[in-house]
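*Asks:* Protein chains in written order, with my numbering: chain A, 1 to 312; chain B, 313 to 820.
Quick one: the structure is below, and I'll ask about it shortly.
Below you can see the structure in the form of C-alpha cells.
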C-alpha cells in the first residue's frame with residue numbers, strides 16, 4: 001500500500017466509524033441514567049428514511065439531518081415515557097420501537113416516493129477542508145478533509161466526555177444510572193434526566209441513520225442500516241459505557257470492516273462471507289481483554305419508583 | 313407533624329400520627345418493625361406523599377414534595393440502607409446534587425476543605441478521596457451524615473443508625489450527635505432498640521401500628537413503660553424473653569459429648585479466587601446455641617451455605633452428626649440432619665407464586681408421607697399445613713392461599729415453621745428475626761430455646777448483637793472470613809466482640 005492508498009484507507013475508516021460512534025454514544029447517554037435502549041436499528045432506519053425524504057423534498061441535506069434528529073428524538077421520548085412514566089419493561093418497549101421503526105421507514109418511503117424504476121437521489125455530503133488543519137501531512141487529510149457530520153461526531157464525543165466526567169451535571173447524570181434513589185434523595189431530578197438522555201440519545205441515533213443515505217448510497221433502500229444499530233449496543237458494552245472507549249472501539253471496528261471490504265475488492269481465495277465476519281470476530285477478540293475492567297451502569301435497564309418499598 | 317396519615321393500597325401505614333421535635337434535642341422514635349417509624353420520616357423527607365396531615369417548621373406550615381424541598385427546609389435523612397453511589401469517591405458522594413463551579417473543569421478543592429472542616433467539627437473522620445465501595449459500614453455512615461451536614465441542615469433524621477455498627481462505633485456516633493445538638497441542631501433517632509433510646513435520647517416518642525402512642529422525656533421514661541407502649545397488650549412484658557434482665561435464659565450445654573456440627577479448617581473461595589471464608593473451625597454441641605457475630609458480608613452467608621452443602625469448600629471438612637457434608641446431597645441433609653432459615657427469605661427460601669401449603673413442605677416434598685412413588689400426597693400435605701398454620705399463628709386464608717399474599721412477618725413464620733417442624737439435629741438460622749414485629753421475635757426466640765432444650769444444636773448467625781448475647785452459649789465473631797475469636801457465655805462483653813468485629817485484634 002503506498003502513501004495515497006493508505007490515506008484513502010484511513011479516510012474511509014473515519015467515514016465508516018461515524019454511524020457506529022453516534023448510535024453508541026446515544027445508547028451510552030440513555031444508559032447512564034438507566035435507560036437501556038435496544039431500538040437503535042429501528043431508530044436508525046427511520047432516521048435514514050425520514051432524513052433522506054426530507055432532504056430530497058426540500059433539496060437540503062441540512063433539513064434532512066434535522067428531520068432525522070427530530071424523529072429520533074420522538075422515539076427517545078416514547079421510550080422514556082413508556083419506561084420512566086409508565087414503568088413498563090424497557091426491553092419489550094425497545095423491541096416494539098424497533099419493529100415500529102422498521103415498518104415505518106419503508107412505509108414512509110413508499111408513501112412519499114412510490115415505486116420507481118430509477119431510485120430518487122440526493123447528493124452526498126460534500127467534504128469541507130478545515131483551513132490550516134487540513135494541511136497537516138496525512139492526519140490533516142484523514143481527519144480534517146471530511147464532511148461536517150464527521151466533525152460533528154468528533155465534537156459530540158469530546159463534549160460528552162467533558163460533560164460526564166468534568167461537570168457536576170455529569171456527576172448527577174451518572175449517579176442516576178448507578179443509584180437513582182441516592183440521586184433522588186439529594187434533589188437530583190431523576191425523571192427529567194432520564195427523559196433528557198433518552199431523547200438526546202434517540203436524536204443521535206436518528207442522525208446516525210440519516211448519515212447512511214447521505215454519505216454512502218444517496219438514496220434510501222430497505223434495511224439500509226444492515227445491523228449497525230445492533231452492533232452499536234455491543235460497542236457500547238465493550239466501550240464500558242464511556243464516550244472515550246466507545247470512540248476507540250468504533251474506530252477499531254470500522255478499521256477492520258474497511259479492511260475486510262478491501263480484501264474482498266482485491267479478490268481473495270477466502271469466501272467473502274468469512275471476510276464479512278472478520279470485523280465482528282476481531283472486535284470481540286481485541287476488546288474483551290482491552291476493556292476487561294469496564295462495567296455497565298448498575299441500574300441499567302431498570303425503572304425507578306420513588307414510593308416503592310424495598311421490603312415486602 | 314400533625315395528624316399525618318399514609319396508606320399503601322389498603323394498608324394504613326400511618327394513622328393520624330403526631331410528632332413534635334424541639335431544638336437542641338435528640339428525639340428517639342421507638343417502635344417495633346412495621347410500627348411506621350420509617351414511613352413517618354420518609355413523609356417528612358418528601359419521599360412519600362402523605363394522604364393528609366400537616367407539617368410545620370418553627371410554627372410555619374411547609375409543603376414538602378421531594379427530598380429537594382426537605383433539604384431546602386433544612387431537613388436531612390440518613391436511611392437505614394445507605395443511599396450512596398458505590399463507584400464514586402466519598403467527596404463525590406457528598407457534593408452530588410450541590411452547586412459546584414464547573415469552569416473550566418469541576419472544582420472540588422473548595423468542597424474538600426469544607427468536608428474536612430465539618431468532619432473535624434463533629435468528629436466524623438473520613439478520607440475524602442476514598443472510593444466508597446471500599447469503606448466499612450461505620451465510615452459509610454459518617455459519609456451519609458456529612459452529606460446532610462454539608463447541606464447545612466438543622467434537623468437530622470437517622471433511620472436505625474446502629475445496625476451493622478460495632479459497639480465502639482455506636483459510642484462515637486452518639487458523641488457526634490451530642491456535638492450537633494449542642495450547636496443548635498435537632499436529631500431524630502429511629503430505632504427499635506430500647507437500650508439506645510435510654511442512653512442517647514432526650515425525649516422519646518413511641519409508635520405502634522402506625523399510631524403515636526406516647527411521648528415522654530427520658531427522665532420520665534422507664535424501660536418497662538416504653539416496652540409496654542411498644543407492644544401494647546399483645547405480649548406480657550414480665551414473661552418476655554426479649555426484655556429479660558436475667559443473665560441466663562437456659563442451661564449451659566455439655567461439651568464432653570461429640571459435637572453435632574464439626575467444621576475443620578473450612579475455606580470457601582469467591583469468584584475471583586479470594587477466600588470468603590478462611591480456615592474456619594467450629595463445633596456446635598448438643599444443647600448448644602452458637603452465635604456468629606460480625607458485620608454483614610464477612611463470610612456469614614458462605615458459612616451457612618457451606619454447612620448446607622450449597623457452596624463447596626475448597627479445603628476443610630464439614631460433618632453433621634458424623635455425616636460428611638461433601639459426600640451427601642443437600643436434599644439428604646435436609647431429611648433428618650439440618651434445618652435452614654436463610655438470610656434472604658424471598659430470594660432463597662420462599663416461592664411467592666406457590667401456595668402456603670407448598671411452601672411449608674418445600675425441601676421435604678420428596679419425603680414420605682408428603683410424597684409417595686413420586687406423587688405428592690395432597691391430603692397429607694394440607695393436613696400438615698393446617699396444623700402448622702395454627703401452631704405457628706401464620707395469618708393466611710389456608711394452605712391453598714398464594715404465598716405472595718403473606719406479609720413479610722408471616723413469610724418469616726412460614727420459614728420458622730418449616731425449619732422447626734421437621735426432625736433436625738442442627739438448625740442454621742441466619743438473621744431469623746430480621747423485619748419481625750416484637751411478638752414474632754419473641755416467638756422465634758422461644759422456638760430456638762425449645763430446640764436447644766430438646767438436645768438440638770443451633771448455629772445462630774445474626775447482625776443483632778443483643779440477640780446473640782441473650783440466647784447464645786458461645787459467640788464466634790467473623791471478620792473477613794476468619795473466625796476472629798470465640799467467647800463463652802461467662803466471657804461475653806459487647807465491646808470485646810466489637811473489637812473482634814472490626815478486626816482490631818487481627819490488625820494490631
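For each residue, glycine too, the CB sits at the ideal point set by N, CA and C.
Within 8 Å (strictly less), CB to CB, does residue 401 of chain B reach chain A?
*Replies:* The sequence position of residue 401 of chain B within the second chain is 89, counting from 1. Residue 401 of chain B does not count as touching chain A.
*Asks:* For the beta strand (DSSP E) containing residue 327 of chain B, list its first residue and its last residue.
*Replies:* The residue labelled residue 327 of chain B in the question sits at position 15 within the second chain. Per DSSP, residue 327 of chain B belongs to the beta strand (DSSP E) from 323–329.
*Asks:* Please compile the residues from chain A whose C-beta is within a distance smaller than 8 Å of the C-beta of residue 473 of chain B.
*Replies:* Here residue 473 of chain B refers to the residue found at position 161 of the second chain. Residues of chain A passing the Cβ test: none, with the nearest at roughly 16 Å.
*Asks:* Cβ of residue 500 of chain B within 8 Å of Cβ of residue 519 of chain B?
*Replies:* Reading the second chain from its first residue, position 188 is the one you call residue 500 of chain B. Reading the second chain from its first residue, position 207 is the one you call residue 519 of chain B. Not a contact, by the Cβ cut-off of 8 Å.
*Asks:* Could you name the residues of chain B that residue 185 of chain A contacts, counting a contact when the two beta carbons are closer than 8 Å?
*Replies:* Taking the first residue of the first chain as position 1, residue 185 of chain A is located at position 185. Those are 357, 359, 379, 389, 391, 395, listed as they occur along chain B.
*Asks:* Under the assumption that residue 591 of chain B contacts residue 577 of chain B (Cβ atoms under 8 Å), give the Cβ distance between them as a whole number of angstroms.
*Replies:* Residue numbering aside, residue 591 of chain B sits at position 279 when the second chain is read from its first letter. Residue numbering aside, residue 577 of chain B sits at position 265 when the second chain is read from its first letter. About 5 Å; that satisfies the 8 Å criterion.
*Asks:* Restricting to runs no shorter than 4 residues, where is the alpha helix (DSSP H) found entirely within the stretch 520–605 of chain B?
*Replies:* For the stretch 520–605 of chain B, whole alpha helix (DSSP H) runs of length 4 or above, ordered along the chain, are 535–543.
*Asks:* Report buried or exposed for residue 742 of chain B, applying the criterion of at least 16 other Cβ atoms within 10 angstroms of its Cβ.
*Replies:* Translated into the one-based positions of the second chain, residue 742 of chain B becomes position 430. Buried, because 16 or more other Cβ atoms sit within 10 Å of the Cβ of residue 742 of chain B.
*Asks:* For residue 807 of chain B, count neighbouring C-beta atoms within 10 Å of its own C-beta (all shown protein chains included) and say buried if the count is 16 or more, exposed if not.
*Replies:* As a working mapping, residue 807 of chain B is identified with position 495 in the second chain. Exposed: under 16 other Cβ atoms inside 10 Å.
*Asks:* Sort A/206, A/108, A/134, A/190 by Cα distance to residue 22 of chain A and report the nearest one.
*Replies:* The sequence position of residue 22 of chain A within the first chain is 22, counting from 1. Nearest of A/206, A/108, A/134, A/190 to residue 22 of chain A, Cα basis: A/206.
*Asks:* Could you work out which residues of chain A lie near residue 717 of chain B, taking near to mean beta carbons separated by less than 8 Å?
*Replies:* By 1-based counting over the second chain, the position of residue 717 of chain B is 405. Within 8 Å Cβ-Cβ: nothing; residue 717 of chain B doesn't reach chain A, min ~11 Å.
*Asks:* The alpha helix (DSSP H) with residue 330 of chain A in it runs from where to where?
*Replies:* Absent from the structure is residue 330 of chain A, since the part of chain A shown begins at 1 and ends at 312.
*Asks:* List, in chain order, every chain A residue whose beta-carbon is nearer than 9 Å to that of residue 418 of chain B.
*Replies:* Walking along the second chain from the start, residue 418 of chain B turns up at place 106. Going along chain A in sequence order, the residues near residue 418 of chain B (Cβ under 9 Å) are 165, 166, 167, 168, 170, 171.
*Asks:* Tell me where the beta strand (DSSP E) around residue 791 of chain B begins and ends.
*Replies:* Sequence index remark: in the second chain, residue 791 of chain B carries index 479 (1-based). First-last of the beta strand (DSSP E) with residue 791 of chain B: 786–791.
*Asks:* By DSSP, does residue 165 of chain A sit in helix, in strand, or in coil?
*Replies:* Here the question's residue 165 of chain A lines up with position 165 in the first chain. It is helical.
*Asks:* Going by DSSP in three states, residue 313 of chain B sits in which element: helix, strand or coil?
*Replies:* Position 1 of the second chain, counted from the start, is the residue given in the question as residue 313 of chain B. Correct three-state label for residue 313 of chain B: coil.
*Asks:* Could you compute how far the alpha carbon of residue 820 of chain B sits from the alpha carbon of residue 796 of chain B?
*Replies:* For this step, residue 820 of chain B is matched to residue 508 along the second chain. For this step, residue 796 of chain B is matched to residue 484 along the second chain. With a pLDDT of 42 at residue 820 of chain B, under the threshold of 50, the modelled position of that residue is not reliable, and no figure is offered here.
*Asks:* Give the DSSP-derived three-state secondary structure of residue 124 of chain A in the structure shown.
*Replies:* Mapped onto the first chain, residue 124 of chain A falls at position 124. Correct three-state label for residue 124 of chain A: coil.
*Asks:* Can you tell me the Cβ-Cβ gap for residue 619 of chain B and residue 637 of chain B, rounded? I've got them flagged as a contact below 8 Å.
*Replies:* Taking the second chain and counting its residues from 1, the one referred to as residue 619 of chain B is at position 307. Taking the second chain and counting its residues from 1, the one referred to as residue 637 of chain B is at position 325. That pair is a contact at about 7 Å.
*Asks:* With a cut-off of 8 Å on the beta carbons, I'd call residue 726 of chain B and residue 662 of chain B a contact; round off their distance for me.
*Replies:* Reading the second chain from its first residue, position 414 is the one you call residue 726 of chain B. Reading the second chain from its first residue, position 350 is the one you call residue 662 of chain B. The Cβ separation is near 7 Å, so the contact holds.
*Asks:* Nearest to residue 676 of chain B by CA position, among B/667, B/693, B/666, is which residue?
*Replies:* Start at 1 with the first residue of the second chain, and residue 676 of chain B comes out as number 364. Comparing Cα positions, the closest option is B/693.
*Asks:* Note down, in chain order, each residue of its chain lying with its Cβ closer than 8 Å to the Cβ of residue 650 of chain B, except the 5 sequence neighbours on either side.
*Replies:* Residue numbering aside, residue 650 of chain B sits at position 338 when the second chain is read from its first letter. The answer, listed in chain order, is 619, 620, 632, 736, 737, 738, 739, 740.
*Asks:* Give me the chain B residues within the contact set of residue 306 of chain A, using Cβ-Cβ distance strictly less than 7 Å, ordered along the chain.
*Replies:* Counting from one through the first chain, the residue named residue 306 of chain A turns up at place 306. Per Cβ cutoff of 7 Å: 359.
*Asks:* In angstroms, rounded to a whole number, what distance separates the CA positions of residue 88 of chain A and residue 209 of chain A?
*Replies:* Walking along the first chain from the start, residue 88 of chain A turns up at place 88. Walking along the first chain from the start, residue 209 of chain A turns up at place 209. Approximately 26 Å between the Cα atoms of the pair.
*Asks:* What residues of chain A sit near residue 470 of chain B, judged by a beta carbon separation below 9 Å?
*Replies:* Within the second chain, the letter at position 158 stands for residue 470 of chain B. Within 9 Å Cβ-Cβ: nothing; residue 470 of chain B doesn't reach chain A, min ~14 Å.
*Asks:* Within a Cβ cutoff of 6 Å, which residues of the same chain sit near residue 177 of chain A, ignoring the five residues on either side of it in sequence?
*Replies:* Numbered from its first residue, the first chain carries residue 177 of chain A at position 177. Closer than 6 Å at the Cβ level, and outside the excluded window around residue 177 of chain A, lie 32, 33, 34, 297, 299.
*Asks:* Given residue 148 of chain A, which residues of its chain have a CB within under 8 Å of its CB, disregarding the five upstream and five downstream residues?
*Replies:* By 1-based counting over the first chain, the position of residue 148 of chain A is 148. The answer, listed in chain order, is 125, 128.
*Asks:* Can you give the Cα-Cα distance for residue 111 of chain A and residue 78 of chain A, rounded to whole angstroms?
*Replies:* To locate residue 111 of chain A, count along the first chain from 1; it is residue 111. To locate residue 78 of chain A, count along the first chain from 1; it is residue 78. Between residue 111 of chain A and residue 78 of chain A, the C-alpha separation is close to 23 Å.
*Asks:* Ignoring anything shorter than 3 residues or poking outside the stretch 386–443 of chain B, list the beta strand (DSSP E) runs there in chain order.
*Replies:* Those beta strand (DSSP E) runs which fall completely within the stretch 386–443 of chain B and span 3+ residues are 387–390.
*Asks:* What residue range does the beta strand (DSSP E) around residue 498 of chain B cover?
*Replies:* As a working note, residue 498 of chain B is residue 186 in the second chain. Run containing residue 498 of chain B: 498–503, per the beta strand (DSSP E) assignment.
*Asks:* Distance check for residue 564 of chain B and residue 782 of chain B, CA to CA, integer angstroms please.
*Replies:* Looking up residue 782 of chain B in the second chain gives position 470. Looking up residue 564 of chain B in the second chain gives position 252. Each residue's alpha carbon lies about 13 Å from the other.
*Asks:* I'd like to confirm the pairing. Which residues does DSSP put opposite residue 518 of chain B in its beta bridges?
*Replies:* Reading the second chain from its first residue, position 206 is the one you call residue 518 of chain B. The partner list for residue 518 of chain B (beta bridge, DSSP) reads B/342, B/526.
*Asks:* At a Cβ threshold of 8 Å, is residue 367 of chain B touching chain A?
*Replies:* The sequence position of residue 367 of chain B within the second chain is 55, counting from 1. Taking Cβ atoms only, chain A never reaches closer than 8 Å to residue 367 of chain B, which makes this a no.
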